[in-house]
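Working notes, beginning with the structure itself.
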Amino acid sequence: MSPSTHNLGYTETVALLAAYTGSKVFTSCPSQLVYLSSTSAWITAMLSVIPAALGVIAIYRFVDRFDGITFQRCVELTIGKPLGKMVGLGFLSLILGMDAIALREFSAGFKSAILPETPLNAIIVLGEAVTAYTATLGLEPLGRFIAIAFLPLSILLLAIVFGAFHMELSIAELFPLWGTGAEHTVLGSVQCSSLYADIFAFALLVPYVREEKAGQRLHAGLVSLGLSGLAMAIAIAVGMMSFTAPTLAQMLFPVLQLARLFLSGIFLERIEAIFVFAWLFFGSIKVAFGHWLAASLAADIIGVKRWTAFVWPSAVITYFLAIQPENLTDLFVFQVTVLRSVGWLVAYVLPAVLLGIAGLRGIGSK
Amino acid sequence: MRKPLACTVIFVFCTSTVSLCGCWGRLELQDTAFVVLMGLDAVQSSSGEPLPTSEAGLEVTQAIAISRALPSGRDGGGGRGPAPMVVLPMVAPNLTVAGESIEESVSRRVRTTHVEALIVGEALARQGLEDVLDQTLRYSNLRHTIHVIIAEGSARELITSLAPSIEVGPWTEARKAVQSIQGRVSNQLHLHDLLVSSSSKSKDAMLPMMRTWQEIAVGGGESAARPGRGPAITGVAVFKDATMVGKLDEVEAAHALMLHGSFRRAFMSYPLSASADDGVLSNRNLVGIEWDSVKAQKRVTMIGERAAINVNLDMEGGVMEARGDVDLTSPEGVRRLERQVAQSVRFHCQRVVEKVQREMAGADIFYFGDVLRTTFKTWDEWEKFDWPKRFQEAVVTINVTVHLRRPGLTLQNPWKLH
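So the protein sequences, as listed, match chains A and B.
Residue numbers for the first sequence follow my numbering, beginning at 15 and rising by one.
Residue numbers for the second sequence follow my numbering, beginning at 4 and rising by one.
Below you can see the structure in the form of structure tokens.
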């Protein structure tokens with residue numbers, strides 16, 4: 015598949031990537047970072063943006079060498095078709111896996127927050143159907159929709175944070191500043207950059223983004239990454255100031271717990287169900303965009319143009335992956351142990367290696 | 004599909020996820036009963052001794068609002084007849100089972116999402132609330148914004164004896180009584196505060212203690228003969244982690260709050276020494292002060308293995324009552340009074356610190372640990388330092404500066420001039 019038009023603008027790209035990467039604040043990711051880095055988790059969240067940004071630059075430089083063709087085609091041109099397809103399958107697995115984790119976590123959060131009696135399976139299936147159909151509408155409506163909804167949704171998210179300010183926020187809970195130690199915090203930020211591994215979507219998105227000014231596409235990737243890092247750092251810092259680091263490290267839905275603290279007079283409480291809409295939209299967009307990424311990459315690997323044919327199969331695979339973990343503890347431990355260790359290698363190092371190979375072989379230089 | 008239409012479809016689909024799933028767990032309002040007060044006590048043995056919760060479970064008292072007995076208008080007046088609530092006590096292994104069991108006793112689905120206060124009996128609080136707190140963290144229906152009150156005696160007695168007086172529901176009465184002490188007796192009123200303090204190594208909680216006061220006739224006309232009991236705050240319960248370790252009366256709690264730095268505004272009276280230099284306090288000379296602002300500057304340093312805590316209190320207020328040899332007509336008189344009041348405040352503060360250090364296992368209700376932990380680099384270092392133990396041996400020095408900005412609406416008692 016080759017993108018016929020560069021039909022995604024700067025704002026749409028930033029909103030789409032920021033929503034895709036940053037919506038993890040609604041899941042257990044803030045707690046995972048506190049679990050790993052203790053009181054320095056918010057610093058880790060910000061430092062992790064640096065290796066992730068280097069990854070984004072590597073991704074951009076690699077795709078930019080080949081003008082106007084998709085990421086999979088770039089890979090195949092660099093390392094040959096058979097190996098390229100294997101690498102493509104690796105990337106596809108990462109996308110499907112992260113999509114499934116997001117689907118499971120958002121559904122579980124939704125059930126915990128407002129629909130405790132609804133079977134989890136029903137929420138997952140319905141969520142899957144909605145997001146798969148949304149993905150079939152294509153990239154442009156998805157981008158436009160999130161560009162319109164991004165600002166109000168972000169304001170809603172900030173309202174959650176500031177709503178929690180009613181309760182005493184203790185800055186002392188951010189100390190000792192270096193939590194597990196300065197060295198561990200700095201070095202650990204490389205592994206923790208896996209937190210933003212979803213930014214790998216940028217690789218598949220680049221050919222579709224309009225570039226009205228030089229470097230605008232790279233700028234969009236970096237800005238969206240920065241926004242995600244900022245959201246994560248704020249969520250962690252406010253979470254720690256509200257709950258203390260040891261308690262936050264054990265929470266599965268820290269932002270939901272923050273929203274439950276919203277108390278502004280007797281008539282403005284018990285309103286977290288309203289905030290659920292914010293993470294419902296972010297979650298839906300994230301999973302839907304994940305389906306689009308998986309479908310378009312699968313179509314590229316197989317070499318067919320009709321990517322929509324792969325949306326529903328990817329939804330089915332995602333569904334089965336999402337119901338694999340027996341419980342949320344398994345999922346939490348899997349993310350902390352496996353995904354944090356491997357994610358950054360696949361998302362940033364592999365594209366950097368591809369860039370190196372392309373550079374050495376002089377392939378695709380514009 | 005055209006783009007605006009596609010965007011609309013995405014919006015409608017996302018929204019429908021909520022409404023479609025809602026059919027599963029729908030609950031009509033008329034089929035729901037709301038618990039408004041929840042009481043927890045330790046089960047007592049035949050000899051009246053509290054039994055450990057791990058063996059005997061909990062005595063859970065749930066007060067459910069009778070919706071038909073509530074007036075339909077806003078606030079609706081009050082004090083008419085008995086409390087519009089059903090009180091259901093039961094013994095259960097834990098909160099979850101109690102929540103399930105209560106549905107066997109009432110015709111509606113019972114919800115705890117609108118609980119106004121969690122009342123814990125003193126005996127249970129002294130046993131420790133770790134298990135209860137764990138359940139409240141997991142159980143999403145019990146909100147962290149509800150008030151936590153420690154009952155003098157048992158929670159069951161407190162809930163059953165509460166009757167509406169000014170407000171329609173005793174639960175509102177209890178909530179407002181707790182809210183009224185904010186900033187002058189305790190600032191830790193919510194379940195969330197207890198959760199945070201009990202999980203932090205640098206601070207501990209002090210929660211309001213309540214009992215019912217003497218019988219009062221409520222309402223007018225026919226209902227005037229019906230007795231009711233109103234809630235009364237008697238001080239605070241001091242917690243070490245999640246276990247109650249002692250009590251402070253209202254005056255002690257107020258001075259603890261001053262050292263904490265969150266004292267806001269209150270009227271307090273102080274007996275004064277005969278002169279600024281002798282330390283003998285006497286009620287013959289007494290001054291009533293309305294504090295407007297109390298600022299606390301805390302500094303914690305380590306001298307060898309011992310922590311040295313220095314607190315500077317900067318207080319501003321106005322004189323509301325002056326008895327005895329109090330001279331507010333001259334600048335010198337005002338300065339002397341300021342020094343005398345400062346001495347009295349320092350005396351109260353020092354006494355409360357010593358009491359907490361000596362009798363309450365060094366519970367840091369003053370948040371001195373929060374100041375010290377900022378000087379540590381890593382979490383491990385902070386944990387090894389073991390602040391809770393060191394606070395018991397810490398030397399606390401308190402300096403008080405008082406500024407009496409107003410003498411009230413008059414300078415001197417006119418009858419004294421004769």
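Think of the CB as a built atom: it goes at the ideal place given N, C-alpha and C, for glycine as much as any other residue.
Interface flag, residue i vs chain A, CB-CB below 8 Å
| i | result |
| --- | --- |
| Phe350/B | no |
| Asp78/B | With a pLDDT of 48 at Asp78/B, under the threshold of 50, the predicted position of this residue should be treated as unreliable, though the coordinate-derived value follows. Chain A, which has no Cβ nearer than 8 Å to the Cβ of Asp78/B, makes this no. |
| Ser205/B | yes |
| Arg111/B | no |
| Thr404/B | no |
| Ser104/B | no |
| Ser164/B | no |
| His150/B | no |
| Glu390/B | Here the sequence assigns Trp to residue 390/B, which means Glu is not the residue at that position. Trp390/B does not count as touching chain A. |
| Gly81/B | No answer about Gly81/B holds up, because its pLDDT of 47 lies below 50 and its placement is not dependable. |
| Arg393/B | no |
| Ser48/B | no |
C-beta contact flag for residue i and residue j at 8 Å
| i | j | result |
| --- | --- | --- |
| Gly372/B | Ser104/B | no |
| Gly321/B | Leu262/B | no |
| Leu43/B | Val63/B | yes |
| Val63/A | Gly243/A | yes |
| Val181/B | Ala120/B | yes |
| Ile152/B | Ala66/B | no |
| Ala247/A | Met60/A | yes |
| Phe216/A | Ile73/A | yes |
| Leu194/B | His117/B | no |
| Leu275/B | Ser347/B | yes |
| Cys248/B | Val241/B | For clarity, residue 248/B is Val in the given sequence; the question names Cys instead. Their beta carbons are under 8 Å apart, which means Val248/B touches Val241/B by this criterion. |
| Val138/B | Leu98/B | Residue identity check: residue 138/B is Gln in the sequence provided, not Val. Closer than 8 Å, so yes. |
| Ala208/B | Ser202/B | no |
| Thr199/A | Thr58/A | yes |
| Thr377/B | Gly195/A | no |
| Ala66/A | Ile213/A | yes |
| Ala95/B | Gly131/B | no |
| Tyr210/A | Thr41/A | no |
| Ser164/B | Arg232/B | yes |
| Ile292/B | Val344/B | yes |
Interface flag, residue i vs chain B, CB-CB below 8 Å
| i | result |
| --- | --- |
| Phe346/A | no |
| Leu275/A | yes |
| Ser355/A | no |
| Ala114/A | no |
| Glu226/A | no |
| Ala186/A | yes |
| Thr25/A | no |
| Ser16/A | Any reading at Ser16/A must be qualified, since the residue scores a pLDDT of 47, below 50, and its modelled position is unreliable; no value is offered. |
Residues of its chain near residue i, where Cβ-Cβ distance is below 8 Å and the 5 sequence neighbours each way are ignored
| i | result |
| --- | --- |
| Ile137/A | Ser121, Phe124, Lys125, Leu129 |
| Asn402/B | Asn313, Val314, Asn315, Leu316, Arg349 |
Other residues of its chain near residue i: CB distance less than 7 Å, five sequence neighbours each side excluded
| i | result |
| --- | --- |
| Ile109/A | Gly304, Leu307, Ala308, Leu311 |
| Gly327/B | Arg287, Asn288, Leu289 |
| Trp5/A | With chain A represented from 15 up to 380, any question about residue 5/A goes unanswered, as that position is not in the structure. |
| Ala263/A | Ser45, Val48, Tyr49 |
| Ala336/A | Ala114, Leu117, Arg118, Ile138 |
| Ile377/A | Leu91, Thr92 |
| Pro190/A | Thr53 |
Residues near residue i by beta carbon distance below 6 Å, same chain, minus five either side
| i | result |
| --- | --- |
| Gln271/A | Met265 |
| Ala126/B | Ala45, Pro53 |
| Phe266/B | Leu260, Val297 |
| Gly193/A | Ser51, Ser52, Thr53, Ser54 |
Any non-hydrogen atom of the ligand ADP within 7 Å of residue i CB
| i | result |
| --- | --- |
| Gln343/B | The ligand ADP is not part of this structure, which contains no ligands at all. |
Check: What are the residues of the stretch 241–264 of chain A that lie near chain B, defined by any Cβ-Cβ distance shorter than 9 Å?
Finding: Ser256, Phe257, Thr258, Ala259, Pro260, Thr261, Gln264
Item checked: Interface positions of the stretch 366–382 of chain B facing chain A (Cβ-Cβ less than 7 Å), listed along the chain -> Answer set for the stretch 366–382 of chain B: Asp373, Arg376, Thr377, Phe379, Lys380, Thr381, Trp382.
Checklist line | Proximal residues, the stretch 190–207 of chain A versus chain B, C-beta separation under 9 Å | finding: Pro190, Leu191, Trp192, Gly193, Thr194, Gly195, Ala196, His198
Next item on the list: Enumerate, from N- to C-terminal direction, the unbroken beta strand (DSSP E) stretches of 3 or more residues contained entirely within the stretch 257–318 of chain B.
Entry: 269–276, 284–306
Notebook entry, point to check: Enumerated in chain order, which unbroken segments of the alpha helix (DSSP H) with a length of 4 residues or greater are wholly contained in the stretch 235–289 of chain A?
Noted result: Listed in chain order, the complete alpha helix (DSSP H) runs (minimum 4 residues) inside the stretch 235–289 of chain A are 259–262, 268–273.
Check: Which residues, in chain order, does the stretch 97–126 of chain A contribute to contact with chain B at a C-beta distance below 7 Å?
Finding: Cβ contacts with chain B: Ser126.
Next item on the list: Return the chain-ordered ranges of every alpha helix (DSSP H) run that is complete within the stretch 149–203 of chain A and spans a minimum of 4 residues.
Entry: 153–177
Check: Taking any Cβ of chain B, which residues in the stretch 47–65 of chain A have a Cβ under 8 Å from it, in chain order?
Finding: Ser52, Thr53
Next item on the list: Run through the stretch 306–369 of chain A for me and flag every whole alpha helix (DSSP H) of 4 or more residues, listed as ranges in chain order.
Entry: 325–336, 342–348, 354–358
Item checked: Proximal residues, the stretch 188–199 of chain B versus chain A, C-beta separation under 9 Å -> Asn190, Gln191, His193, His195, Asp196, Leu198, Val199
Next item on the list: Would you list, in chain order, the members of the stretch 169–190 of chain B that have their beta-carbon closer than 9 Å to a beta-carbon of chain A?
Entry: Arg178, Asn190
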